[in-house]
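I have placed the structure first, in the form of structure tokens, so that the comments after it can refer back to it.
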Amino acid sequence: MPLYEYDCERCGTFEVKQKMDDAPLTEHADCGAPVARRISLSSFSLKGGGWHADGYGGGGGGPSCGTGGCSSGGCGS
Ligand SMILES: [Zn+2]
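Sequence positions in the sequence shown follow the numbering used here and run 6 to 82.
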């Protein structure tokens, strides 16, 4: 059963186990204050910034020169 995080206006963050098809809570069962369900950060962090951080598309070394070096200066060397 998934674990959901909620922000309670009175108590702060708490976690609730709910079924997938349960409706999101609108108030805290313990105190009755309004709550808002949090989006889990862990499930979204994998989508952005992944392979870009590994050097692909980062513009690190510029175009690679051949074995003769870069006589034209196009590589910035
Ligand atoms: Zn509460």
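Virtual Cβ for every residue (Gly too), placed ideally from N, Cα, C. Fair warning: this is a prediction, and the values are worked out from it, not measured in the lab.
| query | When you compare only the Cα positions, how much space is there between Lys24 and Tyr11? | reply | 15 Å
| Should Gly13 be labelled buried (16 or more other beta-carbon atoms within 10 Å of its own) or exposed? | The sequence as given places Cys at residue 13; Gly does not occur at that position. Label assigned to Cys13: buried.
| request: Return helix, strand or coil for Glu20, following the three-state DSSP convention. | output: strand
| said: Quick check on Pro7: does DSSP put it in helix, strand or coil? | reply: coil
| request: Hey, could you find the ends of the beta strand (DSSP E) Ala41 is sitting in? | output: 40 to 42
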